[in-house]
Amino acid sequence: MATKSLAARLFFAAALWTAIGILATALILLSLFRTSVERAIDDRLNASLETLIDRSLDLSTGEFIDPGPFGEARFDTPLSGWYWQITSKDPAVMPLVSRSLTFDGPLQFQNAPERLRGDTTAKSFYATTMQGEELRVLEQPITTAGGQRSYLVQIAGPTTFIENEIGRFRQALVIALAVLAVGLLTTTLVQVRYGLRPLDDIRAQLERIRTGDAENLKGRFPVEINPLVLELNALIDSNQKVIERARTHVGNLAHALKTPLSVITNEANSDRGPLADSVSHQAVVMRKQIDYYLDRARVAARVRIIGAATPVAPVVDRISRALLKIHHGKNVRLSTQIPETMRFRGEVQDLEEVLGNLLDNAFKWCSGEVRVSAVSNDAGEDAASRTLSIMIEDDGPGLPTEARPEVLKRGRRLDEQTPGSGLGLSIVVDLVELYEGSLTLDDSGLGGLKVSIDLPAA
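For the sequence shown, this note's numbering gives the first residue as 38, with consecutive numbering after it.
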């Protein structure tokens with residue numbers, strides 16, 4: 038199953054090939070060592086074979102005689118696994134055997150290879166006796182007495198010697214290769230982390246661009262990644278240019294529409310009558326609708342700007358000072374609890390639009406007290422999903438629960454005596470939704486209404 042981590046993909050691929058390479062190395066080394074051990078025991082058997090032939094062959098008669106002990110005590114120990122024997126195809130010739138075979142007589146093998154007629158070369162092979170004993174056998178055919186007599190000299194050693202040597206080597210090899218594998222995997226892990234470090238640098242810089250701390254990617258990158266960096270910087274620049282063009286077009290459209298509407302309104306106001314009043318009223322409605330949708334278009338364009346970040350506390354302070362002057366006759370008591378480090382991931386105009394509408398409503402409906410607070414919701418979350426919550430409360434008459442959904446609809450107002458177009462809260466809702474946030478209305482601890490908004494945090 039494919040993994041989503043590039044580092045894991047590289048590591049597991051390297052680990053797989055490392056395992057295959059180490060396994061192949063182990064098999065090759067074991068095969069070479071077995072060959073080396075077999076060659077060593079064959080050389081040992083061959084030396085004993087030459088000594089045996091030299092001690093037992095009577096050159097004057099061309100016959101073999103009992104050589105007696107010839108320096109290898111193991112050939113004298115019964116059932117030691119070290120044996121020799123000299124046999125003839127002539128059944129009248131008694132075979133000669135080592136003292137280690139005194140009790141069992143000549144060796145007979147279950148699976149000895151067949152020798153071709155006339156073959157006089159020495160041959161080594163593995164064979165199993167009739168009693169099931171595994172042996173390494175070296176044999177040499179010899180013809181004497183002018184080619185009249187043929188003998189087969191065989192000398193054998195136990196395979197346990199070979200297997201013990203291979204077993205010790207295998208144990209040492211497993212330990213050595215295990216240490217090597219751990220070292221290689223550790224090195225691979227370090228290489229993968231080091232090799233992918235430039236991608237971590239790019240991610241960190243992109244986060245700084247998104248939060249407004251940088252404008253583009255900077256620094257020296259490997260040649261394989263540098264084209265990606267150039268394309269990302271070009272994409273960021275292109276995004277900024279697209280946004281600027283969109284703002285320009287929106288402004289041009291606003292100017293192009295508002296001027297004819299102003300003319301229609303002035304012409305309607307210069308004449309009195311039902312038609313003029315209707316035209317004037319509809320022109321005002323059209324102006325409000327144009328303002329609303331142009332504002333929404335401008336906001337939608339700004340939301341997609343990369344790197345916009347706005348401190349929250351200064352925006353609240355500016356709006357609060359203006360509203361305190363506007364409503365100085367009410368002597369509103371304002372309290373704010375907003376961390377200085379809190380920042381909204383978006384344009385300052387949008388935050389001013391949201392907080393301006395909400396604070397204006399709070400000042401308008403309060404009896405004498407307004408409270409603004411904010412908290413961050415970033416504990417244990419990814420940087421891209423950090424949010425902030427801003428709460429605005431007043432001590433006014435509040436709002437019935439069943440009426441709260443109505444005030445969020447565009448153009449709806451529950452009190453026609455209070456000045457306003459009824460578009461304020463709906464604009465706030467649209468702005469919050471464009472930033473993928475949320476707005477809720479609840480009862481305030483001050484006795485009035487509590488408005489809570491969740492927005493992305495930088």
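Even for Gly, the Cβ is constructed at its ideal location relative to N, Cα and C.
{"Asked": "Start-to-end residues for the beta strand (DSSP E) that takes in TYR120", "Found": "120 to 125"}
{"Asked": "Given ALA411 as reference, the closest of ALA52, VAL353 and PHE112 once Cα atoms are compared", "Found": "VAL353"}
{"Asked": "Cα-Cα separation between LEU298 and GLY405, rounded to whole angstroms", "Found": "40 Å"}
{"Asked": "Cut-off 8 Å between Cβ atoms - residues of its own chain near ALA218, not counting five sequence neighbours on either side", "Found": "THR55, ALA56 and ILE59"}
{"Asked": "DSSP-derived helix/strand/coil call for ASP113", "Found": "helix"}
{"Asked": "Alpha-carbon to alpha-carbon, SER372 and ASN263", "Found": "51 Å"}
{"Asked": "Under 9 Å between C-beta atoms of THR124 and GLN177", "Found": "no"}
{"Asked": "Backbone CA spacing between VAL465 and ASN394 [nearest angstrom]", "Found": "7 Å"}
{"Asked": "Residue range of the unbroken alpha helix (DSSP H) whose run includes ASP491", "Found": "Not the alpha helix (DSSP H): ASP491 falls in the beta strand (DSSP E), residues 486 to 493."}
{"Asked": "Proximity winner among VAL369, PHE400 and ILE427, relative to MET379 (alpha-carbon distances)", "Found": "ILE427"}
{"Asked": "Residues bridged to ALA411 (per DSSP)", "Found": "ILE427"}
{"Asked": "Residues sharing a beta bridge with VAL174, DSSP", "Found": "PHE162 and ALA193"}
{"Asked": "Beta-carbon spacing of LEU133, PRO104 below 9 Å", "Found": "yes"}
{"Asked": "Continuous beta strand (DSSP E) stretch holding THR378: start and end", "Found": "First-last for THR378: undefined, no H or E at that position."}
{"Asked": "Outcome for TYR120 when other beta-carbon atoms lying within 10 angstroms are tallied against a minimum of 16", "Found": "buried"}
{"Asked": "Reduced DSSP secondary structure (H/G/I, E/B, other) of LEU371", "Found": "strand"}
{"Asked": "Through-space distance from LEU312 to PRO376, alpha-carbon basis", "Found": "55 Å"}
{"Asked": "Segment contact, 8 Å Cβ cut-off, at least three pairs: the stretch 63 to 83 with the stretch 161 to 177", "Found": "yes"}
{"Asked": "Those residues which DSSP pairs with LEU478 across a bridge", "Found": "VAL488"}
{"Asked": "Member of GLN319, ALA495, VAL469 and ALA494 whose CA lies at the smallest distance from the CA of VAL488", "Found": "VAL469"}
{"Asked": "CA nearest to the CA of ALA52, picked from GLU151, LEU69, PHE107 and THR225", "Found": "THR225"}
{"Asked": "Spatial distance of ALA193 from GLY118 (CA atoms)", "Found": "7 Å"}
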